[in-house]
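Beneath this line is the structure, given in structure tokens, with notes to follow.
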Amino acid sequence: MASNYQFQNTGRDLQKDLLGHWYKRLEDAPKTGTPVAYLFISGNICELLRCFGFEIVFPEVNALQCGIKKVAGNMILKAEDLGYSSDVCGYVKNDIGLVASGNRGPFGTMPKPDLLVCNYSGCNTYIKWFEALAELYGARFFMLDVPYRRTGETMRPEDLHYVVKQLEQLAQVCAEISGNKFDMDKLREQLEYARQAEELWVKILHSAKNRPSPFDAFFEAVFFMAPIYVLRGTKECVDYYQAAWNEIEERIQHNIGPLSEERFRVVMEGPPPWPNFRNFWELFKRWGVVSVASTYSKVGGIWDFGMRHDPSRPMESLAEYAVNCYTNWDWSLRRSMLERYAKEYSADALVIHSVKSCRAFSVGQADVREHFSKVQGLPTLFVESDLADPRYFSEAQLRNRIDAFFESLEHRRMASRQPVTAAPTKSGSAT
Amino acid sequence: MNGATDHFWEKAQRWEELVEQCRALALDVQFPTVQAWKQRTGGQAVGCFPVYTPQELITAAGALPVNLFGARGQIDIDHADSRIQSFVCSIARSTLELGLAGHLKWLDGFVVPSICDVARNLSGVWKHNFTEGFLFYMHLPQNVDSDAAKTYYRGELERLCDCLSDKTGRPVAEAPLRKAISVFNRNRSLLNELGARRSAQPEKWPSSHIYAIVATGNVLSREEHNALLERALALGEASLRPKRDAVRVVLRGAFCEQPPLELLEVLEDAGCAVVDDDLQIGSRFFLEPVAETGDPLNALVEAYLHGTVLTPVNNPGKRSRNDDLLDRCKKKGIQGIIFASPKFCEPALYDAVLLRRAAERSSLPTLEFEYEEKMSVFESVRMQAETFVESILFFS
Numbered sequence: 002m003a004s005n006y007q008f009q010n011t012g013r014d015l016q017k018d019l020l021g022h023w024y025k026r027l028e029d030a031p032k033t034g035t036p037v038a039y040l041f042i043s044g045n046i047c048e049l050l051r052c053f054g055f056e057i058v059f060p061e062v063n064a065l066q067c068g069i070k071k072v073a074g075n076m077i078l079k080a081e082d083l084g085y086s087s088d089v090c091g092y093v094k095n096d097i098g099l100v101a102s103g104n105r106g107p108f109g110t111m112p113k114p115d116l117l118v119c120n121y122s123g124c125n126t127y128i129k130w131f132e133a134l135a136e137l138y139g140a141r142f143f144m145l146d147v148p149y150r151r152t153g154e155t156m157r158p159e160d161l162h163y164v165v166k167q168l169e170q171l172a173q174v175c176a177e178i179s180g181n182k183f184d185m186d187k188l189r190e191q192l193e194y195a196r197q198a199e200e201l202w203v204k205i206l207h208s209a210k211n212r213p214s215p216f217d218a219f220f221e222a223v224f225f226m227a228p229i230y231v232l233r234g235t236k237e238c239v240d241y242y243q244a245a246w247n248e249i250e251e252r253i254q255h256n257i258g259p260l261s262e263e264r265f266r267v268v269m270e271g272p273p274p275w276p277n278f279r280n281f282w283e284l285f286k287r288w289g290v291v292s293v294a295s296t297y298s299k300v301g302g303i304w305d306f307g308m309r310h311d312p313s314r315p316m317e318s319l320a321e322y323a324v325n326c327y328t329n330w331d332w333s334l335r336r337s338m339l340e341r342y343a344k345e346y347s348a349d350a351l352v353i354h355s356v357k358s359c360r361a362f363s364v365g366q367a368d369v370r371e372h373f374s375k376v377q378g379l380p381t382l383f384v385e386s387d388l389a390d391p392r393y394f395s396e397a398q399l400r401n402r403i404d405a406f407f408e409s410l411e412h413r414r415m416a417s418r419q420p421v422t423a424a425p426t427k428s429g430s431a432t
Numbered sequence: 004m005n006g007a008t009d010h011f012w013e014k015a016q017r018w019e020e021l022v023e024q025c026r027a028l029a030l031d032v033q034f035p036t037v038q039a040w041k042q043r044t045g046g047q048a049v050g051c052f053p054v055y056t057p058q059e060l061i062t063a064a065g066a067l068p069v070n071l072f073g074a075r076g077q078i079d080i081d082h083a084d085s086r087i088q089s090f091v092c093s094i095a096r097s098t099l100e101l102g103l104a105g106h107l108k109w110l111d112g113f114v115v116p117s118i119c120d121v122a123r124n125l126s127g128v129w130k131h132n133f134t135e136g137f138l139f140y141m142h143l144p145q146n147v148d149s150d151a152a153k154t155y156y157r158g159e160l161e162r163l164c165d166c167l168s169d170k171t172g173r174p175v176a177e178a179p180l181r182k183a184i185s186v187f188n189r190n191r192s193l194l195n196e197l198g199a200r201r202s203a204q205p206e207k208w209p210s211s212h213i214y215a216i217v218a219t220g221n222v223l224s225r226e227e228h229n230a231l232l233e234r235a236l237a238l239g240e241a242s243l244r245p246k247r248d249a250v251r252v253v254l255r256g257a258f259c260e261q262p263p264l265e266l267l268e269v270l271e272d273a274g275c276a277v278v279d280d281d282l283q284i285g286s287r288f289f290l291e292p293v294a295e296t297g298d299p300l301n302a303l304v305e306a307y308l309h310g311t312v313l314t315p316v317n318n319p320g321k322r323s324r325n326d327d328l329l330d331r332c333k334k335k336g337i338q339g340i341i342f343a344s345p346k347f348c349e350p351a352l353y354d355a356v357l358l359r360r361a362a363e364r365s366s367l368p369t370l371e372f373e374y375e376e377k378m379s380v381f382e383s384v385r386m387q388a389e390t391f392v393e394s395i396l397f398f399s
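Structure, rendered in structure tokens:
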């Protein structure tokens, strides 16, 4: 039985502080004359850019923040006024809306880019996004072309070689723009910090194998994962993950998780609906659903199968990381990952949240549903909305589908005479 | 389509007759010419998803490259809906439907280049659902100005050669590859000639007719298509069509998923003379002939990295899509630009915004609308096009 002990939410609170300080630094960059690079989250090579003193803006994180602070809808409409279609990515439109609003969002005013690094890992829309920003800002554009990871146990050496060569070219561009020389020792130092943070993050991810899972590997992981994507390679990032791990250990010791009671363990596939994040979570909480593994938490990098940044192979390990992001994996690899998660984390079901904005994530998810429900025999729930555009979130419809799914799972349990401990509550959260 | 196996173009006596036959073939989801080719030669047929698939390699391996541009609105999406969601472009869904509904039993392999998120993921869905025949996913380098891209793309081409050799039992040797490059160069030269004649006399060479003639190239061998194009040029020249008032326009956005033929007819009826377009760009994606001397793989690498027709799915590097479009407009005396993007096609929809800004800066009138493969009501497009034409004729 779970204890009455309530954990302190260090992971979430500290993350908020860290991001707040980071955004303040970004806002101050023009005053301090610090060069600014824009970068995407997936497979980002922030350590290399920080070697040259760049502050890094992640437009996806800005879009996410606008979503969760409920201003994304207005930003998206501004972009649509400029001619963007209602059918293209909400993140891109959110960012274009920000540009049209003087780059001012709920996080402050973002500096203009001196360099746009299109680290194209698993998302062609990234290219279109930064092509637009290059034109709107008149900023320099560097294409870091990262090939898709195809089938096979090992990464293709030619893919890695191609990325390494481009990283060397990028280093020259960074030196030119920043006026700073490349410092390999500084890069190695950051990669060591990255490695340490990754070790701790993986411990947190693996902790969800416990029963009950000490944390929600989707709804909480989206907060826990932020520092490793935006501040990786810094000491403060390592300190954060140490603190977060301490909290997880504490939760394990007290046998508690994110909900007062864990009734269903699920693997979550797909991104969250940011503008309705809390409501979406509540739809699952009321059934005692805990995500024990998720793919969205691997969207920026997959470390839980052993990959790490490596100071002894700096450029090579940066390249390996860039290739290993979830949406940069071929579907056969993604399916294997989901199968492994379902088995290793003892999941009762797979939940697919398919978002219109991100075709890199969603195209093929219906096929995955077929595979898991018909071939693997794992109950699979498929729901649709969007990660950025609030117009696509239909709460009543989602509630109906989610309720029907978990009700049938519960019946199935009862039929197989497994104990069901309680009826759904209005809010099962202990947090 | 009963003329599939007997070089129907040789028997056509009139331009209209040839166009009608080409149109029937282009829309035939039984792919009769492909099946006949296989029966005749015993060779393999390899599907090519748009854009930039190096079809010369497939020809050099003794196989038939077949451009798969979806089902062109000829079948209902039934099975594919359970694999790919409805907010995805029609070409991905209808190509998958063609396979699931059994229309592609002749397909021995499928090459899918990395043109967009949908194509990339489609390759995985395809591999999962079709175990017969091979699926080759190809990464087209986007960092086109990097020396590393040369080595990388050459490696991708070599990998495809190995795959084709393995499947066909015939190595992709230099001599047949040079010959294939030459045949494809000839094909592009004939297509360019057709385009040049259309630009000079659009009333004589209607785009909706040319479209059908070009479309047959997707399902014929290039040698056959070259013969057909030669016949078309001769018949077209001899055809008599009245001159009419029309505004010269360029059509952009249809490089991958194709609009219904009726859409082109509606635009022509409304008074648009389409004198430049990116329709079915998969047939003619290099600006200049590929070098026929030296190392043929290097020649293809060079052509891809620096000589492609720019589309929304290849980063232009040091070139500029805006300048490319505006230069074309200037050279061809274009009076207006039509951005016709397939619904849900993100690359085309993003580019339309930037290109439209560039056009407006140059005071070029623009019209923008979306289409779908199975679109059947064209009145709204007709009205928009008529208004567009009138605004150019009377106010420009």
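Quick note, the sequences are listed as chains A and B, same order. What the first sequence shows, in my numbering, is residues 2 to 432, in sequence order. What the second sequence shows, in my numbering, is residues 4 to 399, in sequence order. Glycine included, each C-beta is placed from N, C-alpha and C at the ideal position. Bear in mind that the values here come from a model prediction, so they are computed numbers and not experimental data.
query                                                                                                                                                                        : result
Would you mind telling me which residues of chain A sit closer than 7 Å to Q145 (chain B), beta carbon to beta carbon, in chain order?                                       : Y121, I128, M144 and D146
Taking C-beta to C-beta, are R13 (chain A) and F224 (chain A) nearer than 8 Å?                                                                                               : yes
Is R151 (chain A) close to chain B, meaning its C-beta is less than 8 Å from at least one C-beta of that chain?                                                              : yes
Going along the chain, which residues of its own chain have a beta-carbon closer than 8 Å to the beta-carbon of N188 (chain B), five neighbours each way excluded?           : P292, V293 and E295
Comparing the C-beta of G6 (chain B) with each C-beta of chain A, is any distance below 8 Å?                                                                                 : Because the pLDDT of G6 (chain B) is 44, which lies under 50, any placement of that residue in the model is unreliable, and the number read from its coordinates should be weighed accordingly. Taking Cβ atoms only, chain A never reaches closer than 8 Å to G6 (chain B), which makes this a no.
Tell me whether Y241 (chain A), by its Cβ, gets closer than 7 Å to a heavy atom of the ligand HEM.                                                                           : In terms of ligand content, the structure shown is empty, and the ligand HEM therefore cannot be addressed.
Could you tell me the boundaries of the beta strand (DSSP E) in which D401 (chain B) lies?                                                                                   : Since the first residue of chain B shown is 4 and the last is 399, residue 401 (chain B) is not available in this structure.
List in chain order: all unbroken alpha helix (DSSP H) runs of 4+ residues lying wholly within the region 326-392 of chain B.                                                : 349-364
Can you find the residues in the same chain that come closer than 8 Å, C-beta to C-beta, to L339 (chain A), ignoring five residues on each side of it along the sequence?    : V268, E270, T296, L351, V369 and F373
Could you compute how far the alpha carbon of D184 (chain A) sits from the alpha carbon of A30 (chain A)?                                                                    : 21 Å
Give the interface partners of L83 (chain A) over in chain B, defined as CB-CB distance under 8 Å, in chain order.                                                           : V356
Is it right to say K334 (chain B) is buried, meaning 16 or more other beta carbons lie within 10 angstroms of its own, or is it exposed?                                     : exposed
Is it right to say D169 (chain B) is buried, meaning 16 or more other beta carbons lie within 10 angstroms of its own, or is it exposed?                                     : exposed
Taking its Cβ as the centre, do 16 or more other Cβ atoms sit within 10 Å of A405 (chain A), making it buried, or is it exposed?                                             : exposed
Tell me whether N45 (chain A) sits in a helix, a strand or coil according to DSSP, three-state version.                                                                      : coil
Once DSSP output is grouped into helix, strand and coil, what is the label at V304 (chain B)?                                                                                : helix
Which runs of the alpha helix (DSSP H), 4 residues or longer, sit entirely within the region 64-88 of chain B?                                                               : none
Going along chain A in order, which residues have a C-beta closer than 9 Å to the C-beta of P350 (chain B)?                                                                  : N125, T126, I128 and K129
Taking only the alpha-carbon atoms, compute the straight-line gap between A7 (chain B) and R314 (chain A) and give it to the nearest angstrom.                               : Residue placement at A7 (chain B) is poorly supported in this model, since its pLDDT is 48, which falls under 50; the coordinates still yield a value, given next. Rounded to whole angstroms, A7 (chain B) to R314 (chain A) spans 59 Å at the Cα level.
Thinking C-beta only, is Y163 (chain A) closer than 8 Å to L201 (chain A)?                                                                                                   : no
Which residues share a DSSP beta bridge with D331 (chain A)?                                                                                                                 : Beta-bridge pairing links D331 (chain A) to no other residue.
Leaving out five residues before and five after G123 (chain A) in sequence, what residues of the same chain have Cβ atoms less than 6 Å from its Cβ?                         : S43, C326, T328, N329 and A361
Comparing the C-beta of C119 (chain B) with each C-beta of chain A, is any distance below 8 Å?                                                                               : yes
Output yes if chain B places a C-beta closer than 8 Å to the C-beta of M2 (chain A); else output no.                                                                         : For M2 (chain A), the predicted structure reports a pLDDT of 44, less than 50, and the residue's modelled location is therefore unreliable. A value from the coordinates is still provided. So, not an interface residue.
Looking at chain B, which residues of the region 371-386 of chain A have a Cβ within less than 9 Å of any of its Cβ atoms?                                                   : E371, H372 and E385
With H, G and I counted as helix, E and B as strand and the rest as coil, what does DSSP make of N104 (chain A)?                                                             : coil
Spatial neighbours of A230 (chain B) within its chain, please: CB distance less than 8 Å, with the 5 preceding and 5 following residues excluded, ordered by chain position. : H10, W12 and E13
Please go through the region 193-234 of chain A and give each complete alpha helix (DSSP H) segment of 4 or more residues, from N-terminal end onward.                       : 222-225 and 227-231
Please state if the CB of P276 (chain A) and the CB of G74 (chain A) are separated by a distance shorter than 8 Å.                                                           : yes
Report yes or no: is there a C-beta of chain A within less than 8 Å of the C-beta of E365 (chain B)?                                                                         : Looking at the sequence provided, one finds Ser at residue 365 (chain B) rather than Glu. Not closer than 8 Å to any Cβ of chain A, the Cβ of S365 (chain B) fails to qualify, so no.
Please list, in chain order, the residues of the region 159-170 of chain B that have any C-beta partner in chain A closer than 7 Å.                                          : none
Can you list the residues of chain A that A151 (chain B) reaches, using a CB-CB cut of under 9 Å?                                                                            : D146, H162, Y163, V164, V165, K166, Q167, E169 and Q170
Quick check on the DSSP output: the alpha helix (DSSP H) that includes F406 (chain A) runs from which residue to which?                                                      : E396 to A416
What are the boundary residues of the alpha helix (DSSP H) that includes E295 (chain B)?                                                                                     : From DSSP, E295 (chain B) is part of no alpha helix (DSSP H); its letter is neither H nor E.
Give me whichever residues DSSP pairs with A48 (chain B) in a beta bridge.                                                                                                   : B:L67 and B:L110
Between which two residues does the beta strand (DSSP E) containing R251 (chain B) stretch?                                                                                  : V250 to R255
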